[in-house]
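So the structure is just underneath, and the comments pick up after that.
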Amino acid sequence: MMYKGLEHTAIASVDPEKLAAWYEEYLGFSICYRYGGNVFVKAPNGAMLEIIPGTGDRPANELQTLGIRHLAISVDDFDAAHEDLKSKGIAIENLVNYEGNRLAFFRDIEGNICHIIHREKAI
Numbered sequence: 042m043m044y045k046g047l048e049h050t051a052i053a054s055v056d057p058e059k060l061a062a063w064y065e066e067y068l069g070f071s072i073c074y075r076y077g078g079n080v081f082v083k084a085p086n087g088a089m090l091e092i093i094p095g096t097g098d099r100p101a102n103e104l105q106t107l108g109i110r111h112l113a114i115s116v117d118d119f120d121a122a123h124e125d126l127k128s129k130g131i132a133i134e135n136l137v138n139y140e141g142n143r144l145a146f147f148r149d150i151e152g153n154i155c156h157i158i159h160r161e162k163a164i
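Just so you know, this note's numbering puts 59 at position 18 of the sequence shown, and the rest follows in order with no gaps.
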């Protein structure tokens with residue numbers, strides 16, 4: 042197959058090292074590669090984010106703003122992950138329980154929208 046899937050997604054950051062460290066400390070990702078000011082972090086399932094140096098003003102970042110809107114982080118135990126985020130001082134903005142899918146929305150230290158998700162049944 043020619044197209045295998047997403048290899049990584051990039052986030053422009055005011056401080057790539059600081060944001061990468063946040064993903065390590067709070068979500069258990071690990072820094073796996075650095076070059077030219079860019080930092081790659083890898084989730085336990087192999088998904089990667091490339092955090093690149095950004096410039097300019099941050100545009101509006103709400104769920105319905107055009108463009109990439111959120112990072113969904115899969116969890117095995119929703120309740121444990123939700124409690125872990127709260128215990129680390131991460132503000133949960135919204136909880137959703139829809140047709141067996143449980144989500145908790147929050148933001149990283151630069152305001153990027155994230156959520157944990159547990160699906161009762163894979164789609």
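We treat Cβ as the ideally placed atom computed from N, Cα and C, and that holds for glycine.
Treat the numbers as computed from the prediction; the structure is a model and nothing was measured.
| Asked | Found |
| --- | --- |
| Anticipated Cβ contact below 8 Å, F147 with E134, distance rounded | 6 Å |
| Contacting residues, own chain, Cβ-Cβ under 8 Å from Y74 (five flanking each side not counted) | V80 and F81 |
| Complete beta strand (DSSP E) runs within the stretch 77 to 143 (minimum length 3 residues, chain order) | 79 to 83, 89 to 94, 112 to 115 and 135 to 139 |
| Collapsed DSSP secondary structure at Y44 in the structure displayed | coil |
| Anticipated Cβ contact below 8 Å, H49 with V116, distance rounded | With 8 Å as the limit, H49 and V116 do not qualify as a contact, their Cβ atoms being about 20 Å apart. |
| Cut-off 8 Å between Cβ atoms - residues of its own chain near N171, not counting five sequence neighbours on either side | Residue 171 is absent from the structure shown; the chain starts at 42 and stops at 164. |
| Rounded straight-line distance, which links the Cα of G78 to that of N102 | 24 Å |
| Distance CB(K127)-CB(Y67) smaller than 8 Å | no |
| Bounding residues of the beta strand (DSSP E) (the contiguous stretch that carries A51) | T50 to S54 |
| Exposure label - S54; buried when at least 16 CB within 10 Å | buried |
| Backbone secondary structure at A163 - three-state DSSP | coil |
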